[in-house]
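Asks: Residues 42 to 488 (our numbering) make up the sequence shown, in order.
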Amino acid sequence: MKEGATQFICSQCGYTSSKWLGRCPDCNSWNSFTEEKIEKSKKISKDSIQTNSVPLSQVPYESEFRFGSGIDELDRVLGGGIVRASSVLVGGEPGIGKSTLMLQVVAGCSDKRKVLYVSGEESASQVRQRAERLGLNLDRINILCETKLDRILHVLEEEKPQIVVLDSLQTLYSQEFTSTPGSVTQIRTCCMEVTGLCKRIGTSVFLIGHVTKEGTLAGPKIIEHMVDTVLYFEQASMGVRLIRAAKNRFGSVDEIGIFNMTGGGLEGVKDPTSFFVSERQDGELPPGIAYTAITEGSRTFIVEVQALVVDAKSGYSRVYSDKIDNSRVTRIAAILERHGAVRLADKDIYVNIAGGVKVNEVSVELALALALWSACSGQSLPPKMVCFGELSLAGEVRPVNYGDRRLKAAYEMGFDKAVVPYSMNFEENRILLKRCKKVKEAFVFKK
Ligand SMILES: [Zn+2]
42 MKEGATQFIC SQCGYTSSKW LGRCPDCNSW NSFTEEKIEK SKKISKDSIQ
92 TNSVPLSQVP YESEFRFGSG IDELDRVLGG GIVRASSVLV GGEPGIGKST
142 LMLQVVAGCS DKRKVLYVSG EESASQVRQR AERLGLNLDR INILCETKLD
192 RILHVLEEEK PQIVVLDSLQ TLYSQEFTST PGSVTQIRTC CMEVTGLCKR
242 IGTSVFLIGH VTKEGTLAGP KIIEHMVDTV LYFEQASMGV RLIRAAKNRF
292 GSVDEIGIFN MTGGGLEGVK DPTSFFVSER QDGELPPGIA YTAITEGSRT
342 FIVEVQALVV DAKSGYSRVY SDKIDNSRVT RIAAILERHG AVRLADKDIY
392 VNIAGGVKVN EVSVELALAL ALWSACSGQS LPPKMVCFGE LSLAGEVRPV
442 NYGDRRLKAA YEMGFDKAVV PYSMNFEENR ILLKRCKKVK EAFVFKK
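Shown next, in the form of structure tokens:
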């Protein structure tokens with residue numbers, strides 16, 4: 042394509058097309074295409090200047106490869122702390138708490154390291170007020186209110202902070218391009234220049250990126266491949282925030298960080314085992330509730346699966362489920378219908394997880410089946426019973442990973458029964474086990 046011509050770019054994923062499209066063929070977003078000029082950068086980046094190769098044995102060890110951010114929940118998601126000269130994208134919806142957390146991070150690091158907070162969103166005095174509200178030490182946090190890329194690069198090169206936060210990616214712009222801040226071209230260029238420079242000078246950089254559903258701003262997905270680590274903020278329930286790594290060059294992606302939003306900022310939840318379970322005083326469970334133990338990285342939580350089954354309003358069955366994938370719920374309902382003698386074909390099915398956490402583990406399938414059976418039959422499950430297992434299409438209950446961890450977490454929370462796959466072995470169990478080969482066997486209880 043010629044320079045000066047225009048092209049249409051998907052603001053969510055960066056897919057390009059010569060004509061406007063209503064729906065992106067790559068990421069399936071609707072109305073996400075914006076028109077942008079094709080512009081080529083004339084500047085040769087300093088990073089592209091060829092340097093010599095060296096034998097691996099002569100590469101010096103980097104001292105202090107990782108350091109703590111002062112926030113344990115974040116450190117764990119990062120894989121054990123902030124990696125020197127790494128780039129981290131922090132994505133999430135506006136107002137979810139990204140700036141608050143990042144301000145807490147720079148404050149937490151500022152006693153030992155030189156830190157810089159670049160704000161393109163708020164004025165210096167607004168950031169100061171926020172930091173004061175959070176009770177942070179203001180003396181050692183440097184702030185720069187700037188959106189022009191060249192000036193930011195200049196300050197970084199001069200001051201060489203060890204940690205820099207850019208708030209936000211969508212406000213930055215390079216004067217080399219005529220497209221507006223927040224366009225795909227600008228976001229790509231700014232991210233590349235900043236991360237390139239930070240790598241060279243040994244600065245760890247956090248880029249805040251807003252995720253908007255309207256597609257008016259280009260989404261952070263466009264730069265996921267340019268950074269080392271991608272973290273996404275989610276709201277689980279009122280005042281509860283989860284951080285997950287969608288990509289991590291320096292650690293695993295299955296750890297989650299759990300925070301409570303308080304007046305003093307985001308506070309890590311230290312022991313989340315029982316965090317997602319509703320309190321019930323009388324000990325009896327209503328029908329449609331089942332407990333399961335899920336694993337996220339190094340931790341295990343007990344979660345409550347809730348199901349509601351009512352006569353279908355429109356003549357055919359529909360599934361409403363946010364927290365467990367719809368297709369999984371539909372599949373489990375079909376398995377129950379065929380192998381569990383539970384009639385669901387003319388029902389609407391509602392499924393939820395208390396506390397709002399999303400569950401993607403296969404181990405939830407047995408609990409989902411029990412919750413649906415309980416909702417349909419009107420019979421409550423025993424109140425202190427946990428269950429986990431995968432279901433095959435033939436109605437078999439199949440083993441899952443981390444059986445011992447799950448039982449231990451349940452025992453510590455006072456559970457005394459567990460429904461588990463027949464062929465699983467456990468090292469020690471202090472819980473009464475009911476082993477099932479078929480899903481139907483799980484529906485018989487001694488109260
Ligand atoms: Zn797209």
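For glycine and all other residues, C-beta sits at the position ideal for the given N, C-alpha and C.
Of the residues L422, R321, W61, N178, which one's Cα is nearest the Cα of K71?
Replies: The sequence as given places Trp at residue 71; Lys does not occur at that position. Nearest option by C-alpha distance: W61.
Asks: Could you name the residues, in chain order, whose CB is less than 6 Å away from a heavy atom belonging to ligand 2?
Replies: This structure does not include ligand 2; its bound ligands are ligand 1.
Asks: Using a threshold of 7 Å, state whether the C-beta atoms of G329 and S415 are closer than that.
Replies: yes
Asks: Have a look at P222, R369, T226, K139 and flag the residue whose alpha-carbon is nearest the alpha-carbon of L115.
Replies: Out of P222, R369, T226, K139, K139 has the C-alpha closest to the C-alpha of L115.
Asks: Measure the alpha-carbon distance for L432 versus E163 and round it to whole angstroms.
Replies: The alpha-carbon atoms of L432 and E163 are separated by roughly 51 Å.
Asks: Does the distance from the CB of T341 to the CB of R471 come in under 7 Å?
Replies: no
Asks: Do you know how far the Cα of Y214 is from the Cα of K78?
Replies: If you take the alpha carbons of K78 and Y214, they lie about 15 Å apart.
Asks: Please classify G298 as buried or exposed, where buried requires at least 16 other C-beta atoms within 10 Å of its C-beta.
Replies: buried
Asks: Rank H251, R379, R372 by C-alpha distance to the C-alpha of V403 and give the top, closest one.
Replies: R372
Asks: In whole angstroms, what separates the C-alpha of K475 from that of G292?
Replies: Rounded to whole angstroms, the separation of the alpha carbons of G292 and K475 is 37 Å.
Asks: Let me check one thing: in DSSP terms, what residues is S164 bridge-paired to?
Replies: According to DSSP, which records beta bridges pairwise, S164 is partnered with nothing at all.
Asks: Is it right to say K449 is buried, meaning 16 or more other beta carbons lie within 10 angstroms of its own, or is it exposed?
Replies: buried
Asks: Along the chain, which unbroken stretches of the alpha helix (DSSP H) at least 4 residues long are found entirely within the segment 441-478?
Replies: The segment 441-478 contains these whole alpha helix (DSSP H) runs: 444-453.
Asks: Assuming contact is defined by CB atoms lying nearer than 7 Å, are I335 and V294 in contact in what I supplied?
Replies: no
Asks: Contact between the segment 203-221 and the segment 170-181: three or more CB pairs below 8 Å?
Replies: no
Asks: How many Å lie between V350 and L377 at the Cα?
Replies: 13 Å
Asks: If you follow the alpha helix (DSSP H) that K481 is part of, which residue opens it and which one closes it?
Replies: That residue, K481, is in no alpha helix (DSSP H); it is neither H nor E in DSSP.
Asks: What is the DSSP secondary structure of N401, reduced to helix, strand or coil?
Replies: Coil at N401, not helix or strand.
Asks: Can you give me the C-alpha to C-alpha distance between D152 and R181, rounded to a whole angstrom?
Replies: 7 Å
Asks: Can you grab the Cα-Cα spacing for the pair I137 / S94, in whole Å?
Replies: 44 Å
Asks: Tell me which residue opens and which closes the alpha helix (DSSP H) that R117 is part of.
Replies: 113-119
Asks: Could you compute how far the alpha carbon of R229 sits from the alpha carbon of Q53?
Replies: 12 Å
Asks: Taking L157 and E200 to be in contact with their CB atoms under 8 Å, please state how far apart those CB atoms are, rounded to whole angstroms.
Replies: With a beta-carbon spacing of about 7 Å, L157 and E200 fall inside the 8 Å limit used to define contacts.
Asks: Taking 7 Å as the cut-off, decide whether the C-beta atoms of A408 and T333 are in contact.
Replies: yes
Asks: Our contact map puts V252 next to G132 with C-beta atoms below 8 Å; I'd like the distance itself, whole angstroms only.
Replies: The pair is a contact, with the Cβ atoms about 5 Å apart (cut-off 8 Å).
Asks: Check whether the Cβ atoms of I112 and R154 lie closer than 7 Å to each other.
Replies: Not in contact: I112 and R154 (Cβ atoms no closer than 7 Å).
Asks: Could you name the residues that DSSP lists as bridge partners for R282?
Replies: Q276, F300
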